[in-house]
Every structure is written in C-alpha cells, then in structure tokens.
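In this note's numbering, each residue carries its 1-based index in the sequence shown increased by 30. Virtual Cβ for every residue (Gly too), placed ideally from N, Cα, C. For clarity, every value in this text was computed on a predicted model and none was experimentally measured. So the structure is just underneath, and the comments pick up after that.
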Amino acid sequence: MARSSFYSGAVDRVKMATKYIFVTGGVVSGIGKGVATASLGRLLRNRGYTVAPIKLDPYINVDAGTMNPFQHGEVFVTEDGAETDLDLGHYERFMDVNCSKGSSITTGKVYRNVIDAERQGKYLGGTVQVIPHVTNEIKSLVQRIAVEQEADVVIAEIGGTVGDIESLPFLEAIRQMRTDLGYENTMYVHVTMVPTVGPWHEVKTKPTQHSVYKLREIGIAPDVLICRCEVDMSEEVLEKISLFCGVPTEAVIQSQNVETIYEVPLIYENAGLGNFVSKRLGLEQRESKMQEWQKLVNTLKAPNNEVTIAVIGKYTSNGDAYKSIAESLIHAGIPNDCSVNIQWIESDQLEGDQPPASFLEGLDGIVIGPGFGGRGIEGKIEAIRIARETGLPLLGICLGLQMAVIEYARNVCGLEGANSEEMQADAHYPVIHLLPEQKGITEKGATMRLGSYPCNLVNNTLAAELYGSTRITERHRHRYEVNNDFREKLQEHGMVISGVSPDYRLVEMIEVPTHPFFIATQAHPEFKSRPNRPHPLFTGLVKAALASKKAAVL
Ligand code: GLN
Numbered sequence: 031m032a033r034s035s036f037y038s039g040a041v042d043r044v045k046m047a048t049k050y051i052f053v054t055g056g057v058v059s060g061i062g063k064g065v066a067t068a069s070l071g072r073l074l075r076n077r078g079y080t081v082a083p084i085k086l087d088p089y090i091n092v093d094a095g096t097m098n099p100f101q102h103g104e105v106f107v108t109e110d111g112a113e114t115d116l117d118l119g120h121y122e123r124f125m126d127v128n129c130s131k132g133s134s135i136t137t138g139k140v141y142r143n144v145i146d147a148e149r150q151g152k153y154l155g156g157t158v159q160v161i162p163h164v165t166n167e168i169k170s171l172v173q174r175i176a177v178e179q180e181a182d183v184v185i186a187e188i189g190g191t192v193g194d195i196e197s198l199p200f201l202e203a204i205r206q207m208r209t210d211l212g213y214e215n216t217m218y219v220h221v222t223m224v225p226t227v228g229p230w231h232e233v234k235t236k237p238t239q240h241s242v243y244k245l246r247e248i249g250i251a252p253d254v255l256i257c258r259c260e261v262d263m264s265e266e267v268l269e270k271i272s273l274f275c276g277v278p279t280e281a282v283i284q285s286q287n288v289e290t291i292y293e294v295p296l297i298y299e300n301a302g303l304g305n306f307v308s309k310r311l312g313l314e315q316r317e318s319k320m321q322e323w324q325k326l327v328n329t330l331k332a333p334n335n336e337v338t339i340a341v342i343g344k345y346t347s348n349g350d351a352y353k354s355i356a357e358s359l360i361h362a363g364i365p366n367d368c369s370v371n372i373q374w375i376e377s378d379q380l381e382g383d384q385p386p387a388s389f390l391e392g393l394d395g396i397v398i399g400p401g402f403g404g405r406g407i408e409g410k411i412e413a414i415r416i417a418r419e420t421g422l423p424l425l426g427i428c429l430g431l432q433m434a435v436i437e438y439a440r441n442v443c444g445l446e447g448a449n450s451e452e453m454q455a456d457a458h459y460p461v462i463h464l465l466p467e468q469k470g471i472t473e474k475g476a477t478m479r480l481g482s483y484p485c486n487l488v489n490n491t492l493a494a495e496l497y498g499s500t501r502i503t504e505r506h507r508h509r510y511e512v513n514n515d516f517r518e519k520l521q522e523h524g525m526v527i528s529g530v531s532p533d534y535r536l537v538e539m540i541e542v543p544t545h546p547f548f549i550a551t552q553a554h555p556e557f558k559s560r561p562n563r564p565h566p567l568f569t570g571l572v573k574a575a576l577a578s579k580k581a582a583v584l
C-alpha cells in the first residue's frame, strides 16, 4: 500500500469545491459556541449557499441518547432518528436545514468504527493508532456529510474547550484537513470569552491570547476570532487582540450580549463577518438576504402582546433540558405578535402540600413535557386535570400525551388506577403500554421508536385545522404507546383520537373537543419548529393562551 494512501484520510477529491469551516472554543465553555456556529451558518444561508453543519463531540458515548438531561441538557432528535447533542437544534433552527445521523460525530462513534474495522481485519495487520487511523476516521466522517448533503460549505463545531485532552484527536484531524484540502478551502473560527475585571469593568484580552497560543501549539492558527464580551469592546481592544493573535482586525468580531439569540446573525453581518468569510473562502460575493430574519427579530424584540406559559416537566432545573420546547414557544410568539414568558414547573412540586392549582394561577397556558420514569408523574396528571377542568390551554408532548390519556381514563372514564406500564408494570388498567416492537429489547442505546414517522389526521379536528393538512410527519422518541384495548372507552367518553399512524395501529394525537385547546401528541413537534416556520401546535397554543388571557380581562 502506498504510504500516502495509508496516511491520508481524505475522501477522494470529488467535491473539492466544498469549503470547510471549523469552529473551536476557548477560555471557558458555555459561551454560546453552538449559537455562534449556527449564526455563521445563517449568514451563508442568507447568501444562498447549501450548508451542512456538524458537531464533533469528544465524549465517549456513541450518541447523546443515553445521557441524562439533568447533566447534558436536551437530547435532540433528527429526521432520520439520531439522538444528538442539543447544538444540532440550534443549527436546524438558525440555518433552516435538516441534520442527519452523520451530522453528529462523537469519540464513541469514531472509536467504534475503528475498532469494528480492526476486528474485521481491515488494517491488514497494522498497528492501529490515533494518528492516522482515528484521525482518518474523523476526516472521512466529516467529508462524507459534505458529499451526502451536497454541501457548498460544511461548518463543523468541535465540542469542549481548547486545552481539553479529549478533544485533541479532533483538533489534529481538522489541522490535517488544511493540508489535505488547501488553505482556500478551510477556515478556523475560534470563539472566546473576553472577561472584564474590577469595578471599572476593565476588558482583559489575555485569556483570549492564551487560548490562541494553545491552538497554535497544536498547529492551528485561527482565521477569525469571535469574542464574547459583557461590555462594548473598544477599537483599541480589538486591535490589540488582532495584533497578539495574528488575526486581521476585520476578522476580530465582537459578540456582545443580545436580547434574543436570533439577533446574533444580525450582529455578525453588521460586523462584516459574512463578507469576510465569503472572501476568505473564495466564495462569490453574494448579496445577503437578511430581510426575513430582520423582521422576525424586530417582532421578537418589540411584540404587542404577552402571555405566560408554563412548561411542566421533570428536569426543569437544567434550563437546557427542554431547549427546543422553549425555542418553539418563542417562535410561536412571532406570528401572534406576542412575547411568551416561560415558567418552569417541576412536576413533583405539584405532589406536595401546597394546593396544585396554586402553581397554575396566572398562567395562560401549559405544556406537559416529555420524560422518562415515574418521578413527578402524579404531579403532571394533576396539572392536566386542572387544565382540562378549567379550560386552561394545554399542549401535551410525548409523555404529556400519555399522562393526558391516563388522567382522562382515571377521571372521566372511571378507570381508577389507570397507569402506564412504564410506571407500574402490573397496572390494573394499563392504558399506556410497551410498543410491541419494543418487547424483548434490553439494550438502551438508539433502541426507541426514533425519528420521523407519518401520521394521518382526522378531518374536522383541532389537529387537522392547526396543521392545515391531514397527512403530516413528526419526529418521535419513545417506547410506550396508547393501549388499543382502551381506545373505544376513551372515545366513548369524549376524547377524540385525532391522529393515527397510517396503519391505524398507533395513536399519535388526542384532543378534547369540549375544551378550548386541549391537544397532545405522541411525537416531538418541538424538533421541527423554526423561527421562520413556527410549529402549528405551538402557534395554536400561544394563540389560544392569548385568547384566554383576553377573555379573562373582559
Ligand atoms: N417515557 C415515555 C416513553 O418511552 C415517553 C418518552 C418521551 O416523553 N419522549 O414512551
């Protein structure tokens, strides 16, 4: 085997025109690298380019599906059923693209592929090493997406912070890609934090300098620096960063705090980032069509109405655990010219001594969130009962649908003790039970009903009215379903099954027509909402919440 092919992980140069932007982070984590990556993607989308975002995550989990939302935040699900990091949600929302399984590359996935190949004897007796075998695998996974999605530009964000031991193979791989693909086709963007110290909020550039030194140590010199700073950075500071970090001043972008994250692309565009990146990568200079984005940001910043909607969940102490639901509610405010204040209610609070209704006072609507396991479910059921009896608008999502069915079975159909097999294996009325295809599955990773499935909606239902169609698709992530033995009983008592799988086997949506807005879905509509295309279920909830608020004032 020729030495060059042994060391080069590059896929054949079929699509040399694809440009690669690599985004790294420095100084501290949690400074919005995902939003920065997504915003940069928006600038390219506004210029009409096809962008394929990728997240490279240094953890050893094969995917995020087995991670606890308390620790890691939401698990985002793609159309093709990958359970991924929540940053993919930012990419989809900002860039209005669909990610796929290949958009998420973890250390676990990379090593699994390498070890599988080794077991199959593919390395022909060679010693399998981080360089070149692991780095080659990373490079080929990155480039595969470019081909699959026919991308003009791939934007790959590397999770973690420069200096972390575990991200080194990824950094080495992206360093090699410059040699493989050329300067004109690769670009490095480094996102750092520029802190302020002392009573006069003196801006300090040293941590950014050190972070860039650290990057250079591994052979990467950034082309662009995005600097997060609490205060306005002076020209002098920007010039200092430029000088010490070897990045032209026009490529030192200051990213100050904004009222809404959707403003970030506008800040970058105004700072000239879109033009700089296009020029640097040799892309043709195209006009940036910002009008649609500008308009939605204007509405987000100065809406004429306001509602308060609570998300009742099980992981509300981690603000990121329901990220897509929160964003969907915000998006839904846009067509309603309405800001949505989100209140987080931990469902087990509703199981304490304080009357549960007191938690719902002053709310205009509620979302019953998804979740797993028994903790706090009685609190959810209680919130659903109150909403159903008082006419408070309600949207149930996944576990939310299952709990709405249990509540209805217990309190309307008289099936005392009705429950889900997930919570009580020997429930007398198991109105929610395990999907047949789930029986016998013991492995936890990537084994749920995942990804996009079609659903048929029943004419003249709230669901059909909201979607404006009777054939829809939604993304899923669950193991349990409504037990068909109880369908008739629920319907006899007034619950409408408004969405079913095309083979009629699975209940996908339910509603209570005597209520102003009571609807629940077995799917996760939050994964499909975009600021420029808010999801109809959320838009409907906000509209109903606004109507109920106005009715209460009259
Ligand atoms: N735990 C439930 C199930 O597995 C609901 C899952 C969810 O809310 N995503 O079916």
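- prompt: So Val-183 is in the beta strand (DSSP E); what residue range does that whole segment cover?
  reply: Against the sequence shown, residue 183 aligns to sequence position 153. Here the beta strand (DSSP E) through Val-183 covers 183-188.
Going along the chain, which residues of its own chain have a beta-carbon closer than 8 angstroms to the beta-carbon of Ser-482, five neighbours each way excluded? Working through the sequence shown from its first residue, we reach residue 482 at position 452. A distance below 8 angstroms between beta-carbons, with the five flanking residues on each side excluded, links Ser-482 to the following residues of its chain, in chain order: Glu-109, Asp-110, Gly-111, Thr-503, Glu-504, Arg-505 and His-506.
- prompt: Exposed or buried, what is Tyr-352 when buried is set at 16 or more other beta-carbons lying within 10 Å of its beta-carbon?
  reply: For this step, residue 352 is matched to residue 322 along the sequence shown. That one is buried.
Cutting at 7 angstroms between CB atoms, please list the residues of its own chain near Asp-350, excluding the five before and the five after it. Walking along the sequence shown from the start, residue 350 turns up at place 320. Short of 7 angstroms from the beta carbon of Asp-350, and not among the five residues preceding or following it, lie these beta carbons of its own chain, in chain order: Gly-103, Glu-104 and Leu-116.
Is it the case that the CB of Met-478 approaches a heavy atom of ligand 1 more closely than 8 angstroms?
If you number the sequence shown from 1, residue 478 lands on position 448. Judged by the Cβ position, Met-478 qualifies as a neighbour of ligand 1 at the 8 angstroms threshold, a heavy atom of the ligand being closer than this.
Q. If Gly-395 sits next to Ala-574, beta carbons under 8 angstroms apart, how far is it from one beta carbon to the other, in whole angstroms?
A. Sequence index remark: in the sequence shown, residue 395 carries index 365 (1-based). Sequence index remark: in the sequence shown, residue 574 carries index 544 (1-based). Yes, they are in contact, since the Cβ atoms of Gly-395 and Ala-574 sit about 6 angstroms apart, within 8 angstroms.
Arg-440 versus Pro-466: straight-line alpha-carbon distance, rounded: By 1-based counting over the sequence shown, the position of residue 440 is 410. By 1-based counting over the sequence shown, the position of residue 466 is 436. In this structure, the CA atom of Arg-440 is about 24 angstroms from the CA atom of Pro-466.
ask   = Closer than 8 angstroms: is that where the CB of His-220 sits relative to any heavy atom of ligand 1?
value = In the sequence shown, residue 220 corresponds to position 190, counting from 1. Checking the Cβ of His-220 against ligand 1 gives no.
Whole angstroms is fine: what's the gap from Gly-409's alpha carbon to His-565's?
Here residue 409 refers to the residue found at position 379 when the sequence shown is read from its first residue. Here residue 565 refers to the residue found at position 535 when the sequence shown is read from its first residue. Per the coordinates, the alpha-carbon of Gly-409 lies some 27 angstroms from the alpha-carbon of His-565.
Practice item. Would you mind listing the beta strand (DSSP E) stretches within the segment 413-443 that are 3+ residues and don't spill past its ends, in chain order? Key: 424-427, all fully within the segment 413-443.
- request: Helix, strand or coil for Trp-230, going by three-state DSSP, please let me know.
  value: For this step, residue 230 is matched to residue 200 along the sequence shown. Here Trp-230 sits in coil by DSSP.
Problem - Residue span of the beta strand (DSSP E) that contains Asn-371, given as start and end - result: Counted from its first residue, the sequence shown places residue 371 at position 341. Going by DSSP, Asn-371 is part of the beta strand (DSSP E) stretching over 368-376.
* Assigned exposure category for Gly-190 - 16 Cβ within 10 Å defines buried -> Locating residue 190 in the sequence shown gives position 160, where the first residue counts as 1. Counting the other Cβ atoms within 10 Å of the Cβ of Gly-190 gives 16 or more, which makes it buried.
*Buried or exposed: Tyr-292, going by 16 or more other Cβ atoms within 10 Å of its Cβ?*
For this step, residue 292 is matched to residue 262 along the sequence shown. Looking at its Cβ environment, which holds 16 or more other Cβ atoms inside 10 Å, Tyr-292 is buried.
| said: Among Leu-422, Gly-403 and Gln-384, whose alpha-carbon lies nearest the alpha-carbon of Leu-393? | reply: The residue given as residue 393 occupies position 363 in the sequence shown. The residue from Leu-422, Gly-403 and Gln-384 with its alpha-carbon nearest to that of Leu-393 is Leu-422.
By DSSP, does Pro-466 sit in helix, in strand, or in coil? Looking up residue 466 in the sequence shown gives position 436. The three-state secondary structure of Pro-466, taken from DSSP, is helix.
Between Leu-567 and ligand 1, is there a pair consisting of the residue's CB and a ligand heavy atom that are separated by less than 8 angstroms? The count along the sequence shown starts at 1 and reaches residue 567 at position 537. Leu-567 has its Cβ no nearer than 8 angstroms to any heavy atom of ligand 1.
To the nearest angstrom, how far is the alpha carbon of Lys-469 from that of Arg-509? The sequence position of residue 469 within the sequence shown is 439, counting from 1. The sequence position of residue 509 within the sequence shown is 479, counting from 1. Taking the straight line joining both Cα atoms gives about 9 angstroms.
- Query: What is the rounded straight-line gap between the Cα of Gly-426 and the Cα of Ile-436?
  - Reply: Start at 1 with the first residue of the sequence shown, and residue 426 comes out as number 396. Start at 1 with the first residue of the sequence shown, and residue 436 comes out as number 406. If you take the alpha carbons of Gly-426 and Ile-436, they lie about 12 angstroms apart.
- Message: If I measure Cβ to Cβ from Leu-311 and keep anything under 8 angstroms in the same chain, skipping five residues before and after, which residues do I get?
- Response: Numbered from 1 along the sequence shown, position 281 holds the residue referred to as residue 311. Sequence-distant Cβ neighbours of Leu-311 in its own chain, meaning closer than 8 angstroms and more than five residues away, are Lys-49, Ile-51, Val-183, Glu-214, Asn-215 and Met-217.
By the 10 Å Cβ neighbour count, where 16 or more other Cβ atoms means buried, how is Ala-455 classified, buried or exposed?
On the sequence shown, position 425 is the one that residue 455 refers to. Only exposed fits Ala-455, as fewer than 16 other CB atoms lie within 10 angstroms of its CB.
field: Close Cβ partners of Ile-204 (< 6 angstroms) along its chain, the five nearest in sequence each way excluded
entry: Counting from 1 along the sequence shown, the entry for residue 204 is found at position 174. Closer than 6 angstroms at Cβ, skipping near neighbours: Phe-52.
Among the candidates Val-542, Asn-513, Thr-551 and Met-433, whose CA atom is the shortest distance from the CA of Arg-535? Translated into the one-based positions of the sequence shown, residue 535 becomes position 505. The alpha carbon of Arg-535 has as its nearest neighbour, out of Val-542, Asn-513, Thr-551 and Met-433, the alpha carbon of Asn-513.
Cβ-based neighbour list, Thr-114, same chain, cut-off 8 angstroms, excluding 5 preceding and 5 following: Taking the sequence shown and counting its residues from 1, the one referred to as residue 114 is at position 84. Lys-85, Asp-93, Ala-94, Val-105, Phe-106, Val-107, Thr-108, Cys-129, Ser-133 and Ser-134, listed in sequence order.
- prompt: Secondary structure at Ala-32, three-state DSSP: helix, strand or coil?
  reply: Within the sequence shown, numbered from 1, the residue matching residue 32 stands at position 2. Note that Ala-32 scores a pLDDT of 41, beneath 50, so its modelled location is shaky; the value from the coordinates is reported in the next line. Under the three-state reduction of DSSP output, Ala-32 falls in the coil class, being neither helix nor strand.
C-alpha gap between Thr-157 and His-231, whole angstroms: The residue given as residue 157 occupies position 127 in the sequence shown. The residue given as residue 231 occupies position 201 in the sequence shown. Straight-line Cα distance between these residues: approximately 54 angstroms.
Self-check item: Straight-line Cα distance separating Gly-363 from Val-572
Solution: Along the sequence shown, one-based indexing puts residue 572 at 542. Along the sequence shown, one-based indexing puts residue 363 at 333. Those two C-alpha atoms are separated by around 7 angstroms.
Ser-69 and Val-294 - do their beta-carbons sit closer together than 9 angstroms? Taking the sequence shown and counting its residues from 1, the one referred to as residue 294 is at position 264. Taking the sequence shown and counting its residues from 1, the one referred to as residue 69 is at position 39. In contact: Val-294 and Ser-69 (Cβ atoms closer than 9 angstroms).
* **Rounded distance between the beta-carbons of Ser-285 and Arg-258, thought under 8 angstroms** => Within the sequence shown, the letter at position 228 stands for residue 258. Within the sequence shown, the letter at position 255 stands for residue 285. Taking 8 angstroms as the upper bound for CB-CB distance, Arg-258 and Ser-285 are in contact here, some 5 angstroms apart.
Hey, quick one: how far does the beta strand (DSSP E) through Ile-502 stretch, first residue to last? Start at 1 with the first residue of the sequence shown, and residue 502 comes out as number 472. Judged by DSSP secondary structure, Ile-502 falls within the beta strand (DSSP E) whose first and last residues are 501-508.
Does any heavy atom of ligand 1 sit closer than 8 angstroms to the C-beta of Ile-372? As a position in the sequence shown, residue 372 is number 342, starting the count at 1. A distance criterion of 8 angstroms places the beta-carbon of Ile-372 beyond contact range of ligand 1, judged by its closest non-hydrogen atom.
To the nearest angstrom, how far is the alpha carbon of Val-140 from that of Ile-168?
Position 110 of the sequence shown holds residue 140. Position 138 of the sequence shown holds residue 168. Each residue's Cα considered, the two are about 6 angstroms apart.
Query raised in the report: Would DSSP call Pro-555 helix, strand or coil?
Result: The residue you call residue 555 lines up with position 525 of the sequence shown. Helix at Pro-555.
Does the Cβ of Arg-535 lie closer than 8 angstroms to at least one heavy atom of ligand 1? By one-based count along the sequence shown, residue 535 stands at place 505. Here the distance from the Cβ of Arg-535 to the nearest heavy atom of ligand 1 is not below 8 angstroms.
- request: Would you give the residue range spanned by the beta strand (DSSP E) that Val-172 belongs to?
  value: In the sequence shown, counting from the first residue as 1, residue 172 sits at position 142. No beta strand (DSSP E) contains Val-172, which is instead part of the alpha helix (DSSP H) from 165-178.
Q | Where the beta strand (DSSP E) containing Phe-516 begins and where it ends | A | Counting from one through the sequence shown, the residue named residue 516 turns up at place 486. Bounds of any beta strand (DSSP E) do not take in Phe-516, whose DSSP letter is neither H nor E.
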